[in-house]
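*Asks:*
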Amino acid sequence: MDVVTRDPRVYETAGAPGVLETMQYCIELLEQINDGVTDYLERKRLFFPRFFFLSNDEMLEILSETKDPLRVQPHLRKCFEAINRLQFNDKLEISAMFSQELEKINLKSIVDTKEAGGSVEKWLVLVEEQMVISVRDQILKSFKNYILTPRTQWVQKWPGQVVLCVSQIHWTHNVHLALNRDQEMTLKHFLESLKDQLQDIVNLIRSASLTNLSRITIKALIVIDVHAKDVVEALYKDNVANDREFNWLSQLRYYLEDDEALVRLINATVKYACYRTLIGAYHLHLNGAPEGPAGTGKTETTKDLAKALAVQCVVFNCSDGLDYIAMGKFFKGLASCGAWVCFDEFNRIDIEVLSVVAQQILLIVLAVRAHAAKFNFEGTEIKLNPACYVCITMNPGYAGRTELPDNLKVILKI
Numbered sequence: 001m002d003v004v005t006r007d008p009r010v011y012e013t014a015g016a017p018g019v020l021e022t023m024q025y026c027i028e029l030l031e032q033i034n035d036g037v038t039d040y041l042e043r044k045r046l047f048f049p050r051f052f053f054l055s056n057d058e059m060l061e062i063l064s065e066t067k068d069p070l071r072v073q074p075h076l077r078k079c080f081e082a083i084n085r086l087q088f089n090d091k092l093e094i095s096a097m098f099s100q101e102l103e104k105i106n107l108k109s110i111v112d113t114k115e116a117g118g119s120v121e122k123w124l125v126l127v128e129e130q131m132v133i134s135v136r137d138q139i140l141k142s143f144k145n146y147i148l149t150p151r152t153q154w155v156q157k158w159p160g161q162v163v164l165c166v167s168q169i170h171w172t173h174n175v176h177l178a179l180n181r182d183q184e185m186t187l188k189h190f191l192e193s194l195k196d197q198l199q200d201i202v203n204l205i206r207s208a209s210l211t212n213l214s215r216i217t218i219k220a221l222i223v224i225d226v227h228a229k230d231v232v233e234a235l236y237k238d239n240v241a242n243d244r245e246f247n248w249l250s251q252l253r254y255y256l257e258d259d260e261a262l263v264r265l266i267n268a269t270v271k272y273a274c275y276r277t278l279i280g281a282y283h284l285h286l287n288g289a290p291e292g293p294a295g296t297g298k299t300e301t302t303k304d305l306a307k308a309l310a311v312q313c314v315v316f317n318c319s320d321g322l323d324y325i326a327m328g329k330f331f332k333g334l335a336s337c338g339a340w341v342c343f344d345e346f347n348r349i350d351i352e353v354l355s356v357v358a359q360q361i362l363l364i365v366l367a368v369r370a371h372a373a374k375f376n377f378e379g380t381e382i383k384l385n386p387a388c389y390v391c392i393t394m395n396p397g398y399a400g401r402t403e404l405p406d407n408l409k410v411i412l413k414i
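Quick note on UniProt numbering: the sequence shown kicks off at 1 and runs consecutively.
1) If I measure Cβ to Cβ from P17 and keep anything under 7 angstroms in the same chain, skipping five residues before and after, which residues do I get?
2) Is the beta carbon of T217 closer than 9 angstroms to that of N135?
3) Have a look at N247 and L76 and give me their C-alpha separation to the nearest angstrom.
4) Tell me the rounded alpha-carbon separation between G165 and Y254.
5) Kindly indicate which residue of T277, P159, R43, D350 has the alpha-carbon position closest to the one of T301.
6) So the alpha helix (DSSP H) V223 belongs to, where does it begin and stop?
7) Kindly indicate the opening and closing residues of the alpha helix (DSSP H) around Q197.
8) Identify which residue in E129, P405, E403 has its Cα closest to the Cα of P49.
9) Just to confirm, are S142 and W123 a CB contact at a threshold of 9 angstroms?
10) Suppose you measure from the CA of N174 to the CA of V163; what does that come to, to the nearest Å?
11) DSSP three-state label for F48, please.
12) Let me check understanding here. Comparing Cα to Cα, which of N407, L140, E31 lies closest to N287?
13) Whole angstroms is fine: what's the gap from E28's alpha carbon to V10's?
14) If you measure between the beta carbons of residue 415 and E378, is that distance less than 9 angstroms?
15) Are L204 and T152 close, meaning C-beta to C-beta below 9 angstroms?
16) CB-CB under 7 angstroms to A268, same chain, minus the five flanking residues each way: which ones, in chain order?
17) Report yes if the C-beta distance between C318 and I349 is below 9 angstroms; otherwise report no.
18) So who's on the other strand from G338, going by DSSP bridges?
19) So, helix, strand or coil for I349, using DSSP?
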């Protein structure tokens with residue numbers, strides 16, 4: 001390489017003795033290094049599956065911050081959509097999480113990053129566990145506090161996600177009471193109560209003393225309350241006699257059973273008809289494929305349903321440049337962490353790639369149907385979270401779109 005150093009002109013140095021052999025050796029060495037880095041990142045992804053949704057460059061940025069967990073903060077939203085930053089103390093222990101709007105939720109248990117021994121993925125797994133446990137704990141406490149505190153005060157005491165969830169749990173419970181002809185509660189009485197509640201919340205949002213955070217929560221709650229009132233009004237007008245009728249069973253319902261928040265639905269109006277189809281496919285271990293013109297809300301409806309079920313939803317914009325390797329990485333991620341993935345404009349992908357993708361999706365579907373704890377995906381054994389779900393959206397109106405292969409259609413509900 002001294003020849004190249006002395007004269008960097010390719011024309012002069014390319015033919016020098018040993019240059020070709022040296023270049024070939026360097027290329028082989030770089031390929032070995034690249035394979036080694038890929039294997040290293042694969043092991044990290046298998047330990048913390050949310051890494052599957054990040055590029056190699058993004059992962060290396062995160063994993064390089066082994067000595068200072070605080071420097072991982074700018075990358076948190078790549079792994080957790082709603083966590084903007086974490087609260088560290090002087091001992092580098094994590095005690096709370098903050099949203100982008102600076103809404104704070106204290107972790108039920110402290111996460112000690114030092115115990116991870118410099119492995120970022122290890123303490124991120126603990127953060128993920130505490131995130132779920134802490135929100136569930138807040139829901140339980142808020143549920144008990146709901147009947148003890150005036151609602152206009154209650155909505156300002158708790159995090160937004162908790163307020164929306166608990167409010168719908170109580171609404172579901174009260175509708176059941178009304179439909180079962182409870183002496184103190186009928187649909188008519190409950191409808192009047194909902195109207196009063198809605199008016200109280202509308203009056204509250206006009207208050208100048210509200211914080212910005214409370215105002216955001218109340219705006220979202222008003223939308224939920226209006227829908228809840230409309231549902232009860234429709235049930236009353238349709239003379240629904242009990243809680244076993246389809247008009248009620250076809251609604252989005254929240255329950256608290258054995259300290260677990262559960263969501264049940266078979267929704268049935270315009271947007272909710274799509275909900276019903278997607279959930280129907282989900283229960284049959286099939287996958288959804290909303291189809292329609294641009295701007296009709298295919299992707300947003302899928303994301304909205306995932307949020308209603310408190311499930312991570314990753315949106316991926318497809319193009320004809322995608323290959324089955326990139327898709328396979330995504331499928332490993334969703335199967336491992338139980339996420340939903342929405343492939344936007346799926347029929348842009350080349351037909352050759354779609355055929356392989358169909359087999360990849362089928363592997364996951366068969367593993368879920370078999371209730372497997374682990375399964376082999378393209379030579380890698382991964383843990384299976386059966387909550388995973390694949391949804392694709394398509395716009396057949398654009399020219400140049402690919403027709404879906406038959407082996408893909410059989411596992412989709414279009």
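Beta carbons: idealized from backbone N, C-alpha and C, even for Gly.
*Replies:* Reading from the atomic positions:
1) Counting only residues of its own chain and dropping the five nearest sequence neighbours on each side, P17 has no CB closer than 7 angstroms to any other CB.
2) In the sequence on display, residue 135 carries Val and not Asn. No, the pair does not count as a contact, with Cβ atoms beyond the cut-off.
3) 42 angstroms
4) One point to set straight first is that residue 165 is Cys, not Gly, in the sequence displayed. Straight-line Cα distance between these residues: approximately 7 angstroms.
5) T277
6) 212-237
7) 187-205
8) E129
9) no
10) 16 angstroms
11) coil
12) Residue N407 is the option with its Cα nearest to N287.
13) One C-alpha to the other measures close to 21 angstroms.
14) Outside the shown range of the chain (1 to 414) lies residue 415, about which nothing can therefore be said.
15) yes
16) Note on A268: pLDDT 38, under 50, position unreliable in the model; the coordinate value appears next. Excluding positions up to five away in sequence, the list reads S250, R276.
17) yes
18) Beta-bridge pairing links G338 to no other residue.
19) The three-state secondary structure of I349, taken from DSSP, is coil.
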